[in-house]
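Chemist:
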Amino acid sequence: MSLSLEGKVAVVTGGSRGIGRAAALLLAKRGAKVVINYSKSADEANQAVAEIKAAGGEATVVQADIAQPADAQRLIDETVKTYGRLDILVNNAGVTRDTLLMRMSENDWDTVLDTNLKGAYLCTKAAMRPLLKAKGGGRIINISSVSGQAGSGGQANYSAAKAGLIGFTKAIAREVASRSITVNAVAPGFIDTDMTTVLADEFKQKALAQIPLERFGKPEEVAEAIAFLASDAAAYITGQVIAVDGGMVMM
Ligand code: NAP
Numbered sequence: 013m014s015l016s017l018e019g020k021v022a023v024v025t026g027g028s029r030g031i032g033r034a035a036a037l038l039l040a041k042r043g044a045k046v047v048i049n050y051s052k053s054a055d056e057a058n059q060a061v062a063e064i065k066a067a068g069g070e071a072t073v074v075q076a077d078i079a080q081p082a083d084a085q086r087l088i089d090e091t092v093k094t095y096g097r098l099d100i101l102v103n104n105a106g107v108t109r110d111t112l113l114m115r116m117s118e119n120d121w122d123t124v125l126d127t128n129l130k131g132a133y134l135c136t137k138a139a140m141r142p143l144l145k146a147k148g149g150g151r152i153i154n155i156s157s158v159s160g161q162a163g164s165g166g167q168a169n170y171s172a173a174k175a176g177l178i179g180f181t182k183a184i185a186r187e188v189a190s191r192s193i194t195v196n197a198v199a200p201g202f203i204d205t206d207m208t209t210v211l212a213d214e215f216k217q218k219a220l221a222q223i224p225l226e227r228f229g230k231p232e233e234v235a236e237a238i239a240f241l242a243s244d245a246a247a248y249i250t251g252q253v254i255a256v257d258g259g260m261v262m263m
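Under this note's numbering, the first residue of the sequence shown is numbered 13, with each subsequent residue one higher.
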């Protein structure tokens, strides 16, 4: 059983920053050709590609707002056009619009659901044919969250999207298991990225008190779980949620 991804082609949505970037770098290091998707951060996406190429890997960028059906389809089409196949889809792109439900606008709700949940549906649907064609045991890895497992006050939109992603993971896992495609979710806890640096210090201290390992995680630690699930070593794991959260949520 190997962790090698030699000969595989991977798409990482939201691969320009944070967890997606770390995942793209590690997948490339293990031998995959990687398509780094971004919506706005062109410089960061190009820097990630440059870093992969400098280390001897292969990667390219595709700008696409994954919440838009035509963009999601184009992301997958350009991947197949560039590299001839698709083996691994990491549905990682995500946003937050945190506020109490009483103050949550319909726009806050729609933006988070459209990106975090509908975006995964759109990309997965577009990826299904090439994943089936690749015949090498495709991989879909959805980035959920502890908020989807346990709920998080001030994040009704985000918790709903991330919980939805877990149900989505399990449903698709059942649909495609007979074709040797596995579908799993990774549920990070508090990870040091742009998404969490904006949180108030008081909130961070409260979060820290709930983490048995007494620290926030690193994007690279989440990337390890993603790369494992993408590999042949994880061929018999499907429909699961792997927590990378310092012990925050023990189920
Ligand atoms: P981040 O640093 O804010 O990065 C988010 C990434 O998503 C960026 O690359 C961004 O690209 C991309 N993105 C956002 N909207 C997009 C869209 N419509 N189309 C395409 N790309 C889009 O966030 P992160 O912390 O790495 O989070 C990555 C994933 O892990 C998210 O799904 C998040 O919910 C989840 N997660 C994070 C934590 C945490 O503590 N950080 C915990 C649990 C789960 P642009 O800049 O180009 O828009």
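We put the CB at the ideal spot given by N, CA and C, even for glycine.
Tell me which residues share the same chain as T91 and place their Cβ nearer than 6 Å to its Cβ, disregarding the 5 neighbours each side in the sequence.
Modeler: Excluding residues within five positions, the ones whose Cβ falls inside 6 Å are V23, V47, L98.
Chemist: Give the single residue among G149, D120, D206, G148 whose Cα lies nearest to the Cα of A172.
Modeler: D120
Chemist: Going by other Cβ atoms of all chains shown within 10 Å of its Cβ, with 16 needed for buried, is M263 buried or exposed?
Modeler: Exposed.
Chemist: How many Å lie between G163 and G201 at the Cα?
Modeler: 12 Å
Chemist: Run through the stretch 157-202 for me and flag every whole alpha helix (DSSP H) of 4 or more residues, listed as ranges in chain order.
Modeler: 158-162, 168-188
Chemist: With the cut-off set at 8 Å, would you say I254 and K230 are in Cβ contact?
Modeler: no
Chemist: For M260 and V158, what's the separation of their Cα atoms in angstroms?
Modeler: 8 Å
Chemist: With DSSP as the reference, identify every bridge partner of Y248, one or two as the case may be.
Modeler: Y248 is not bridged to any residue.
Chemist: Which full runs of the alpha helix (DSSP H) of 4+ residues lie inside the stretch 209-247, going along the chain?
Modeler: Whole alpha helix (DSSP H) segments, 4+ residues: 213-220, 231-242.
Chemist: So what does DSSP say about V46, is it helix, strand or coil?
Modeler: strand
Chemist: Identify whether Q75 lies in helix, strand or coil by the three-state DSSP scheme.
Modeler: Assignment of Q75 by DSSP, reduced to helix, strand and coil, places it in the strand class.
Chemist: Going along the chain, which residues of its own chain have a beta-carbon closer than 7 Å to the beta-carbon of P224, five neighbours each way excluded?
Modeler: G258, G259
Chemist: Starting from the C-beta of S53, find all residues in its chain whose C-beta is less than 8 Å away, skip the five residues before and the five after it, and write them out in chain order.
Modeler: Same-chain partners within the cutoff: S28, R29.
Chemist: So, at 7 Å on beta carbons, what are the nonlocal neighbours of D77 in its own chain, with the 5 sequence-adjacent residues on each side left out?
Modeler: S51, D83
Chemist: DSSP puts V61 in a beta bridge; with which residues?
Modeler: In the DSSP output, where bridge partners are listed per residue, V61 has none listed.
Chemist: If I'm right that A35 touches R151 with Cβ under 8 Å, what's the distance once you round it to whole angstroms?
Modeler: Wrong, their Cβ atoms sit about 12 Å apart, outside the cutoff.
Chemist: Any heavy atom of the ligand NAP inside 7 Å of the beta-carbon of F215?
Modeler: no
Chemist: Ignore the nearest five residues each way along the sequence and tell me which others in G106's own chain have a CB closer than 7 Å to its CB.
Modeler: G26, T127, N128, I155
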